Structures are given as C-alpha cells and as structure tokens.
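Engineer: Handing you this structure, nothing more for now.
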Amino acid sequence: VKVPWTWLAEHCDPALEPRQLAERLAMTGTEVERVSAVGPASADGFVIGLVTAAEQHPDADRLLVCTVDTGDSERTIVCGAPNVAAGQTVAVALPGAVMPDGRKLGRAKLRGVESDGMILSEAELQISEESDGILVLDADGPAPAPGSPLTELIPLAEQVLELEVTSNRVDCLGIWGVAREVHAATGQPLGPEPWAQDAEATGDGEASSHASVTVEVPDLCPRFTARVFENVKIAPSPPWMKARLMAAGQRPISNIVDITNYVMLLTAQPLHAFDLDRVPGGELTVRTAFEGEKMTTLDGVERVLDYETTLVCDRNGPSGIAGIMGGQVSEVSGETTRVLLEVANWKGTNILRTSRLLALRSDASTRFEKQLHPDLCIRAQRIASRLMVELCGARLVPGTIDVYPDPPAQRALTLRDSKVSGLLGMDIAPSDQADYLQRLGFEAETVGGGLEVSVPPDRHFDVTREVDLIEEVARVHGLDENLPTTLPRSAGQTGSLTRAQLLRRRTEDVLRDLGLSEIVGWSFTDPEEIARLRIASDDPRSRQAAISNPLSEDASVMRTTLLGSLLDAAALNVSRGAERLALFESGRVYLQGESTQSGDLAGDAPDPVAGRFVGRLAPPLLEPHHLGALVTGAVGRSWRGEDAGADFFSLKAVLEALAGQLGVPLSFEAGSDPFLHPGRSAAVIVSGETAGWIGELHPIVCRHWDIDAAVAFEVGLAVLLADADAGEEAYEDVTTYPPAHQDLAVVIDEGVAAEDVRRTILAAGGELLRDAAVFDLYRGEQVPQGRKSLAMRLEFRAADRTLTDEEVAGLRERIEAELESIGGSLRA
Amino acid sequence: MNVTERITELRDEAASAVASAAGTAELEELRVRYLGRKSELTTILRGIAELPGDQRGPVGKSANEARKALEAQLETRTAELDAAELDERLSHDRIDVTLPGSPVRDVGHLHLITRTTRQIEDVMVGLGYRVVEGPEVEHDYYNFTALNHPPGHPARMVQDTFYIDPSSIAAAAGDIPPVPVTDEDVVLRTHTSPMQVRAMEAQPPPIFIIVPGKTYRRDSDATHSPMFTQIEGLAVGDQITLADLRGTLLKMLRAIFGDGRRLRMRPHFFPFTEPSIEFDVSCFQCDGTGVVGGERCNLCKGIGWIELGGAGMVDPNVLGFVAENGYDPERVQGFAFGFGVERIAMLRHGVPDLRRFFDNDVRMLGQFR
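Next up, the structure:
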C-alpha cells in the first residue's frame, strides 16, 4: 500500500521524518518496504503565477512569449504550449528549481528571447502520465495569489511510504486506517473522521424513485447501498486529487472514476459507479451466475462464470462481477449525467474464490477478499457524495438505498489483566492498556481485573478474542523495548535424539568418512524418470504421486527412488568436467503406501525413518527414509599405477563397511532390478528382509544420463537399522581361551555362490566355528575346468575352554563332509 | 712374566683390537683369535689343571674374567657395528616424501544443509527439546485448517502451495476442484508447522519439540526455492510466555551466530500464532552498526539487523484442535517459531543464491566439511 505523506499528515501528522516513522511502524507491526519520492525533490522555486500577457514569439511560430506575475516581479517566460493564455493562473518553476528528473532549471534563451522560468504541465510535475498542454490552476475556481508556493494547491516533493500490510489488517489498506495506526504508534493527534459530514442532498425526488436494488443472496452480499447523483459533469479531476492519486499509484482517469478510487484509497472500501441511464429501469439485482454465463468486464475481456460467482445484474443480464470488476454495459463515460454509486459489502471467501478462478484481481477484490465490515459502506458514501458535489457539480438525490438485512452486533470482549501479564511475561499498566486500545479505535472501560472492550467495525473480523486484544496492547506498548528475556520455567523433558536419529547421523558420517559426498536431491522429478530407469508399470516405484500445479513438467511427480536424484547430480557434475564422483543421499522417497498407518504413541510406535509419523490422520503417502550412493570413474587413484574403475565390489565394500559400523549383518543375493546390470547386481538382505539393491548400472540407463558407467546402491534405512547393534553391544570374553585358525581351499563348481559355501561351512562348524572368510579366489591349472578354488580362513573358539587339536580336526571332517554334499572338495 | 700378567696383557690387547675393529667381519676374526679353540686364552684355561696348586685359583679366576669381559665387549661392539652398517644401507634407500599419499583417500562431505540442521538440532536438544519429523506430503487439514487457516481464508493464498493430484494417489480419481482450498486436499507442506498439531495429538503437554524438514512453495528465485528446509520449534506448557520465546530465540541465535548477538522482535501476523512476531539477529558482519570500514554493510544492507524467521504464541484456535489431549487453551499456552535452514547457512557462509544448495555441484559441496 502506497501512502503519500501529505495525505497521511492531513489525518495524523507523525511529527517524524519518514525514515523514523518507518522504523516506528516496523516495531509496531507494519513493515515499510521503502520510502520513495514523487514529483520534484524539493518544493523550492515552484510558485503560482498569473499570466498577464501571452504574445507570439517574433522568431518562432509555435512559441509564445508570456509575461507572468510571480508575486515578486513580472517575468518573461517562453512557453510552447498551445493552451496558454493571458489571465490564467499557472504553475511556474523559477530558475534554480530542480525538476523531478533532477534537471536544475536555468535562464535560457529560446530563439533569442530569454525565458526567466518555465510554465509547467501536469506531466512535468509528475501528477499525470501525459499532458497536451500546461496546467491551468484556476480552471475550477479561484486560485491563490501569484507568488504563493505551489504546494498550496499541489503536493510537491511528496514522500511515499510503501507499507507491507499483513493480511489481517484490512483497515490499513486505507489511508484513514494507516493514520489511526500512526496515531496509535506515535501518540500524535488524529483528525476528525473524514466521513463526519455528509453532502447536502439537493437532487429531485428520492433515490428509491430513481433506482431499486434486490439482493437474492444476502449471505454473499451482507449489505448493498446506493446513492443517486444528477447533473454530473464528467471532467478531469483537479490537480490536487491527481497528485494524490498518482502518488498513491493510481492513474487519474476522470473525476467520477477518480472519486471512487480516492475514497477507496482513503477508507479501504471499494465503490463502483454506474451510468444510471445505462441501467434499464434503474433496477439492479444481486444474484449468483448461471453455470457458463458470460459477461465482458471493464478491461474488455469476456469472462465465463460459474454458479458460485456473484453478479450485480440489470434487467438484461450481468452488469458487473460483484466486488471484482464492473462491466462495460454500464460504464461511466463522457456523456454520463446520472450516476448510481454502489457501495456494497461482499463475502470475502466468495470474492477470493471467484478472483482466483477467473485469475482476475483488482484493487477492489484484494480488499473485499479480506472481508470488510458492512458499516464501511456508509462512510464511503458520505465522503464520495461530498466529492461528487464538489468536483462533478452533481446534485445528490435524497435518500440512500440500503439493503442491510442483518447488521452484525458490535463485538464486546473482556481483557483480563492477569491474562495480559500471563501470556506476555510482562506487566502493562491497565491504564496504558486502555490508552493503547483507545488510540486504535477501541472503546475500553475499566472493570474489576481488566477492561471491557468494544471492537470498532474496522477491526471486527480481525480482533475476535481476548488474545487478539493482548497482541494489540503488546505491540503498541513495544515488544522489543519492554519484553523481558527469560526461559520457560515449566520443566521440559530431557532433550535428546532418538536412537534412529543418532544412527542415521552415524550412517551419514560413515559414508562421508569413506569418501562420499552428500547431495540433497529434489523431491520432485520428471514423470519420465521411471521409463528412463526401465522400471515396469507393475513395479510399485512406477506409481508416482503427481503435483497438480507443478512449476515445470520435469518437476511434476514425487520421486520413488533416490537413484534418479543421484544420476541427475552425477550427470550435472560430469557435464561440468568431473571425472570421478562418489555421492550419497540420505533422504525420503514418496511411495503409495499400504502401510501408511500413522504411528500413535499408545499403539504402533512412530518411526519417522520408516515413514511412520505421529498424528491422528495417517499421512497420504508412505515416506520412508532411504540411503543411496553412486560412484562413477576411478577408485583408488594413485600415482603408482593404473586406477581401477568403480565396480560392484568397490561399492559393496563401502556398504559392508557401513554395515560393520552399524553392527548390521548383511547378505547379498543376485538381484533383478531393471536399471542394473543383470549379472552384476544384488539384493541387499538384512535379517531375511530385502533392504534394497546394489549393482552396476545398466548401460542403457547410463546412456540416458550421459555418463559412462556407474555403480550404485539404495537401501531403506529402517530395514538397515532394525537390527543394528551399534551402541547396544554385549561384552564377549576373547582373551581367556585362544582361538584356533584353519585355512581351507574349497574346490567347487563355478555356479555355486561363495556365500553358499560359507554358509555350508558355518552350519557344519556349529557354534564353535566363529567365523569363515574368503581370502582368495583361484581359477587355473590347479583346478579343473568349470570349477574354482575358494580359500577360506576359519576361526574356531570355545567360550569355556581351549579347543584341542582333536576337536578342531573333528569339526574339519564334518565341514569337509558337508562341502561334499554341495559338490565341493578340499584341495590339499 | 707370569701367567696372570700374560692374561692381563692378552685382555688389554684384545680390548683395543675390538674397539678399533671397523666391521663385523673383523670382529669375527678377533673372536676366533682371542676366544677360539686355538686361542692363547683357551689354551691357558685348558692348562690350569697342570699348574701348581697355589696358582690354579688366581689364574683360573683371572682367565675366566678376561674371557667374559671380552665376550661382552664383542657383543656390544657387534651390535654397534650392525646398527651402523644398517644405517649406512638405509641411507641409500630414499623416497620423495613430497609425492602424494597413495592411494588417495577421498575426503567426503556432509551437505551444508545437513550440517547446519544438525548444529541447530544440537543447540535445541541442549535446551531440552526433542527432534520429531513429519510427512512432507500432508493433508490440507494439518497444513492449513488446524493451523487456523480456514478454507477460503486469504492467508492460504499467501503461500503458493503445491497440490497433489488426488487421482495420482487414490484409486478413484475425483474431479480436481478449480480452487483447491478444501481441507480434504493433499498438499506438499508449505512449512514444518503441520507437525505442531500432529505432535500435540500424540503427546499431552508439556511438549518441547523441534521439527526439521523439507518444505515446498511454488516459488523460484535467488532467495526462494520450490524446495527448502525449515526448522519449527514448539513449546507448550502451563506458564510459557512470550518473554520465554524471546529468551529461547536469543539462546539459539547466540549459539549459531556468536555470543555478542542481539535479538529483535517485531510484531507481525501469522494465522497460527497470536501475538505473532518476526525476529531478527543483529548483523554479525557489522555488529549491528550497518557500517563496515566506512561503507554500508552489504550483509544487512546497512540496517544492522538480519531477518531470520517468524514466531509467536500458539494461537488458542490451534490448541482448540487438540483440546481433548490436554491442550485446553485456558489452561496451557506456549510458543512456536520457524525459520529457514538455508537462510542460516547462506548468512554464515556467504552463499549468494538459495538454488545453489540443490545443484549438488561437487565443487560447492566440497567447500563444506
């Protein structure tokens, strides 16, 4: 909202510099975004002049040489405007004056005649966007004497405050409301209410004999007032009004339109003028539109309406979209002589809805949508009526058509002193509380223990409860200056992270320490990502939740895998010259969840890592936390030799190291995810449950992202952490009885997995066999074709005794026998 | 010369030869010469039995002592020469210590958002808060309605909200309402505040929680990203005041930005707090003066304050939605606050554009450990 300084000062003079006022308003809750200046930077050198003579320039057809009385003297001023004439009172800039564009005026010779100043147009003063001649000040009546400062008629060097008004403060969308706020914030006196005096009604008959209003939808139109004006003369507005409108950011159009804008800017209540002669029979009806009904708004656009749109209609159809924009049929024009001035109140949510639906916002709709009070209508009618009489020479027809079936009662609230101090943690004297509220326009009366408060209509929908009054009192009192700095006294719980949160941090730290860098990928992605990852339509990951109003198509669905984000980051870095990348992400995916049941502290434990959150309503989707990593390019770089490319085993080592840090037993089975190399991928298994996948990416997938080759994994963190024993480990005696080690070389068919060999050995070894680890793989001359030799290191240990050679030899025989059962034999 | 004198002479001669030996090979020769089977000392020892009775004792003692002394001396000298010879060999085995380690151990990095989030979490945990997390795809009810944004309320429009197409998550595809403002809608949460109500539904007062997480708004420029990270705080009990909010925010800001920082609270409006404030921290570049080295401070634009977030006392209407769980607005009260994690990180590390956080350019990631 733009607030011209002089307009504000007319109602409440802040007695502060604009910057100081901005600071004060910021600290009472109204942000001043900027203070700018309109018109010349200084009013010095701008005076009123009387043209006493205007004669043709001897050497220029289009110039006039004027003699201008500027009080102190008669000056010669050369003027190029066609409309200048002797007898006019005009605006004059004297030599030395600084024009709005920063140019300093000097004495200049124009075709041999020295001009001792300049006669100004509206555009040159920035009170109009364009003008085709000089500004004539006495066009509408007597003007001040020559030599008077021009500021007596037109604000110059106008400072304009641009306020950021919060959505609850609809009152501050009008200058009057801002003036009241300034009054409250500074304590400076507030002038009389600008609607205190009504216009004299001198017109013929009664308003109701000229027009009639029927409201079919009183819930959407709580109040409709109309006044009728005759003998209206359409003309440009006087300079002072143009100057104010321009400073407030409103383009002057004609006196009647300007009056409606001016009164709206002053009161926050929008108005609408009809050419009454273009309203057949003077009959207006407020109703909702028929589905698909059409009308052309003032901006020349044909609008298609729906059944919830509220219309102001004449006999023939829609004449305006209520509260948003009028229609062309009844638009005021240069020929208008009879005006019906509508000042109505609309239901804000309906206006907001329609304005969004039509994508049509106006100064009126932005005010109405925040819900105005019906009492404002009459304020606006009274101010506008006086201006209509004054500026349009109109005659006000007696009476006001006022359809107001259900006026809301004035709101009364109790403000308890104990609540004020209890909520704020500081005391404010009750007399100060009353003073602050009265400054803001509330009535406040002291009763035992507090105040009885009546809420003014301007704040009716904003201040509805005691707590709202506390805010008003607190902000005027000054929060920042006066509020103590304390910490909550009530004993809180012990602050802590949950075990899952701690382990998640550990997980991220381990990956970082293993040389991977964390990325944060976009939660939304391209719907085509699924196809690029070759994920089939029966895969749950293909069911992406879609955003109805995405910013772009490639960010229009929620991701169901971290792989796309990792690939996107890899592709970006490769395109920017990176040769090797080791990335990880710790973040959510968004799945259609069969287990979207939300956690509830009484029953199912909430587990954010698994996507189970507290709260009464189950979340719409399942949002498990996943951990993903992708490595591309060389691993183990060294100046000592060739770098190996990242492959399955290099990333598996990372995942195994991570599992080791967490104390999670992992196993791997050949996998079948469609985006992975079919022969170099695995399912990651934790305690029999699939936690995720690991593998080299399918070359086709790599091609889509324009990278050479990569290896990646993705695991669900909840599954990974479910059996983690990090931090919960139990002590085991490993010193009293020494272990015995044995190495085996197992020759077995190529097709048998190392893990199957290991499991067979472990099962045969029983509980005395503590570990079996592959330490070599051999294929070659010593081993028959189609078979391989796995070298295994076995560790035997008993908790209660030192194992004898005989015991170990016996176990070894059992292991050998079991290995034979899967086709294995020991190599000597 | 008697035998004893000869032994002393031998011993001195051998000692001086061992001391001046130049290598281990020469020492071995000396050992054979003086202690070998054919050596004079060995011969003397072997011939003791043939000596007269009164000489056997002194000669035997003296010969044995000489042998032991010589053995010890040989051993010491051998060790000395071994070490010297090893050093000599090693001194020819030199590497270029300025070559890089091998193989190169890559240094990994946590994302700056993660790091900043953790720092704030740790500060708040220290103040007695727990860290809770909530859904990002959320019911309109939690994101708006239960936070005192009734359907049709203009405050809903301030935050440009992403809506989820119901047909993409439900079996039956319903018509998408033209103006999606009902509380049956599903949205990407526009703030972390929905967890206020979820958490209060699950836990009776007192409650002290913070909620970090991703949030979404339909906006993209240097200071707005359609996805960003917020941290919400909520403290509700029986006597928690606005002054307590001030103390809590001050503690937090000082932990993040340094001990000397000041806090400023400006009244503001949010539907779900009343009174509402915005809070600023005194600029840590110019120490709140707005001036650095005679120039206008570029961090705070010369204002001396940096806007950080919003806060206020939890609106009674919000408590009303969870009144059955012990949150009777007449009996309990408290505060809530929220701010952007990226903004904190941008300020602390001089990152000029919010969107850089989500490029995931390793050259940026690598700047933050």
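Chains as they are written, first to last, in this note's numbering: chain A, 1 to 828; chain B, 1001 to 1369. Quick reminder that beta carbons are idealized off the backbone N, C-alpha and C, glycines included. Note that this is a predicted model, so its numbers are computed, not measured.
#1: Taking all protein chains shown into account, do 16 or more other C-beta atoms lie within 10 angstroms of the C-beta of I1095 of chain B, making it buried, or fewer, making it exposed?
#2: Taking only beta-carbon positions, decide if R1343 of chain B is within less than 7 Å of chain A.
#3: Name the residues in the segment 1125-1136 of chain B whose C-beta lies less than 9 Å from a C-beta of chain A; which are they?
#4: Quick check for students: name the residue ranges of the beta strand (DSSP E) that lie wholly in the segment 28-99 of chain A, counting only runs of 3 or more.
#5: Quick one: what does DSSP say Y1163 of chain B is sitting in, helix, strand or coil?
#6: According to DSSP, is F461 of chain A helix, strand or coil?
#7: Give the DSSP bridge partners of F1279 of chain B, in chain order.
#8: Relative to chain B, which residues along the segment 656-688 of chain A have a C-beta separation below 9 Å, given in chain order?
#9: Give a yes or no on whether the minimum CB-CB distance between A1222 of chain B and chain A is below 7 Å.
#10: Going by the beta-carbon positions, is the gap between T28 of chain A and A1243 of chain B smaller than 7 Å?
#11: Compute the beta-carbon to beta-carbon distance between R1130 of chain B and G495 of chain A, rounded to the nearest angstrom, for a pair I have assumed lies under 8 Å.
#12: Establish whether the CB of D725 of chain A and some CB of chain B are separated by less than 7 Å.
#13: Ignore the nearest five residues each way along the sequence and tell me which others in P192 of chain A's own chain have a CB closer than 8 Å to its CB.
#14: Strictly below 7 Å CB to CB, what residues from chain B border M27 of chain A?
#15: Say whether chain A places a C-beta atom closer than 7 Å to the C-beta of L1110 of chain B.
#16: Indicate whether at least one CB of chain B lies closer than 7 Å to the CB of P484 of chain A.
#17: Shorter than 7 Å from the beta carbon of A1202 of chain B to some beta carbon of chain A?
#18: Just the chain A side, please: which residues come within less than 7 Å of R1198 of chain B by C-beta, in chain order?
#19: Excluding the five sequence neighbours on either side, which residues of its own chain have a C-beta within less than 7 Å of the C-beta of G830 of chain A, listed in chain order?
#20: Looking at T1215 of chain B: is its Cβ nearer than 7 Å to the Cβ of T1192 of chain B?
#21: Under 8 Å by Cβ, that's how I've got E331 of chain A and L284 of chain A pegged, so tell me the actual separation to the nearest angstrom.
#22: Does the count of Cβ pairs from the segment 739-754 of chain A and the segment 787-806 of chain A closer than 8 Å reach three?
#23: Between which two residues does the alpha helix (DSSP H) carrying G660 of chain A extend?
#24: Does the ligand ADP have a heavy atom nearer than 6 Å to the CB of I383 of chain A?
#25: So with CB distances below 7 Å, who are the chain A contacts of E1274 of chain B?
#26: Pull out every residue of the segment 620-653 of chain A whose Cβ sits closer than 7 Å to any Cβ of chain B, in chain order.
#27: What residues from the segment 1297-1329 of chain B come within 8 Å of chain A, judged by C-beta to C-beta, listed N to C?
#28: Report yes or no: is there a C-beta of chain B within less than 7 Å of the C-beta of N168 of chain A?
#29: Does G515 of chain A get closer than 7 Å to chain B when you measure Cβ to Cβ?
#30: For a contact defined as C-beta to C-beta under 8 Å, what are the partners of M1227 of chain B on chain A?
#31: What is the residue span of the alpha helix (DSSP H) that P18 of chain A lies within?
#32: For L803 of chain A and A657 of chain A, I'd like the C-alpha separation in whole angstroms.
#33: Determine, using beta carbons only, whether I1113 of chain B comes closer than 7 Å to chain A.
#34: Give a yes or no on whether 7 Å exceeds the smallest Cβ distance from E553 of chain A to chain B.
#35: Alpha carbon to alpha carbon, how far is G1326 of chain B from P1205 of chain B?
#36: Thinking C-alpha only, which one of A:R506, A:M118, A:G320 is nearest G133 of chain A?
Structural biologist: According to the data block:
#1: On the second sequence, residue 1095 of chain B is found 95 positions in, with the first residue counted as 1. Exposed, because fewer than 16 other Cβ atoms sit within 10 Å of the Cβ of I1095 of chain B.
#2: On the second sequence, position 343 is the one that residue 1343 of chain B refers to. No, no contact with chain A.
#3: Here the close residues are V1125, G1126, L1127, G1128, Y1129, R1130, V1131, V1132, E1133, G1134, P1135, E1136.
#4: Correct list: 31-38, 46-56, 64-69, 74-79, 89-93.
#5: Within the second sequence, residue 1163 of chain B is the residue found at index 163, counting from 1. Correct three-state label for Y1163 of chain B: strand.
#6: As a first step, residue 461 of chain A is located in the first sequence; it is residue number 461 there, counting from the start. Correct three-state label for F461 of chain A: coil.
#7: Position 279 of the second sequence, counted from the start, is the residue given in the question as residue 1279 of chain B. The partner list for F1279 of chain B (beta bridge, DSSP) reads B:M1265, B:G1309.
#8: Within the segment 656-688 of chain A, no residue qualifies.
#9: Start at 1 with the first residue of the second sequence, and residue 1222 of chain B comes out as number 222. False, the Cβ-Cβ gap to chain A never drops below 7 Å.
#10: Residue mapping note: residue 28 of chain A aligns to position 28 of the first sequence, counting from 1. Residue mapping note: residue 1243 of chain B aligns to position 243 of the second sequence, counting from 1. Going by C-beta atoms, T28 of chain A is not nearer than 7 Å to A1243 of chain B.
#11: Position 130 of the second sequence, counted from the first residue, corresponds to residue 1130 of chain B. Position 495 of the first sequence, counted from the first residue, corresponds to residue 495 of chain A. About 6 Å; that satisfies the 8 Å criterion.
#12: What you label residue 725 of chain A is simply residue 725 of the first sequence in a count that begins at 1. Using a CB distance cut-off of 7 Å, D725 of chain A does not count as an interface residue toward chain B.
#13: In the first sequence, residue 192 of chain A corresponds to position 192, counting from 1. For P192 of chain A, there are no CB contacts under 8 Å within the same chain when 5 residues up- and downstream are skipped.
#14: Translated into the one-based positions of the first sequence, residue 27 of chain A becomes position 27. Neighbours of M27 of chain A on chain B, chain order: R1266.
#15: Residue numbering aside, residue 1110 of chain B sits at position 110 when the second sequence is read from its first letter. L1110 of chain B counts as touching chain A.
#16: For the purposes of this step, residue 484 of chain A is taken as residue 484 along the first sequence, with counting starting at 1. Residue contact with chain B for P484 of chain A: present (Cβ-Cβ distance below 7 Å to some residue of chain B).
#17: On the second sequence, residue 1202 of chain B is found 202 positions in, with the first residue counted as 1. It does; some Cβ of chain A falls within 7 Å.
#18: The residue given as residue 1198 of chain B occupies position 198 in the second sequence. For R1198 of chain B, the chain A residues whose Cβ falls inside 7 Å of its Cβ are F613, V614, G615, in order along the chain.
#19: Residue 830 of chain A lies beyond the residue range present for chain A, which begins at 1 and ends at 828; the question has no answer from this structure.
#20: One-based indexing of the second sequence puts residue 1215 of chain B at position 215. One-based indexing of the second sequence puts residue 1192 of chain B at position 192. Their beta carbons are under 7 Å apart, which means T1215 of chain B touches T1192 of chain B by this criterion.
#21: Counted from its first residue, the first sequence places residue 331 of chain A at position 331. Counted from its first residue, the first sequence places residue 284 of chain A at position 284. About 15 Å; that fails the 8 Å criterion.
#22: yes
#23: Here residue 660 of chain A is taken as the residue at index 660 of the first sequence, counted from 1. Element bounds for G660 of chain A: 648-662.
#24: In the structure on display, the ligand ADP does not appear, and there are no ligands present to speak of.
#25: By one-based count along the second sequence, residue 1274 of chain B stands at place 274. Neighbours of E1274 of chain B on chain A, chain order: V467, D468, E471.
#26: Against chain B - using a Cβ distance shorter than 7 Å - the residues of the segment 620-653 of chain A are P620, L621, E623, G636, R637, S638, W639, R640.
#27: M1313, D1315, P1316
#28: In the first sequence, the residue the question calls residue 168 of chain A occupies position 168. Answer yes: the Cβ-Cβ gap between N168 of chain A and chain B drops below 7 Å somewhere.
#29: By 1-based counting over the first sequence, the position of residue 515 of chain A is 515. At least one chain B Cβ lies under 7 Å of G515 of chain A.
#30: Here the question's residue 1227 of chain B lines up with position 227 in the second sequence. Correct list: W522, S523, F524.
#31: Here residue 18 of chain A refers to the residue found at position 18 when the first sequence is read from its first residue. For P18 of chain A, the uninterrupted alpha helix (DSSP H) run begins and ends at 18-26, by DSSP.
#32: Residue 803 of chain A sits at position 803 when you count from the first residue of the first sequence. Residue 657 of chain A sits at position 657 when you count from the first residue of the first sequence. Looking at the two C-alpha atoms, the distance is approximately 31 Å.
#33: Here residue 1113 of chain B is taken as the residue at index 113 of the second sequence, counted from 1. Yes, I1113 of chain B lies at the interface with chain A (some Cβ there is under 7 Å from its Cβ).
#34: In the first sequence, counting from the first residue as 1, residue 553 of chain A sits at position 553. For E553 of chain A, not one C-beta of chain B is nearer than 7 Å to its own C-beta.
#35: The residue you call residue 1326 of chain B lines up with position 326 of the second sequence. The residue you call residue 1205 of chain B lines up with position 205 of the second sequence. Near 6 Å, if we compare the C-alpha coordinates of P1205 of chain B and G1326 of chain B.
#36: Along the first sequence, read from residue 1 onward, the residue named residue 133 of chain A stands at position 133. Comparing C-alpha distances from G133 of chain A to each of A:R506, A:M118, A:G320 shows the shortest one belongs to A:M118.
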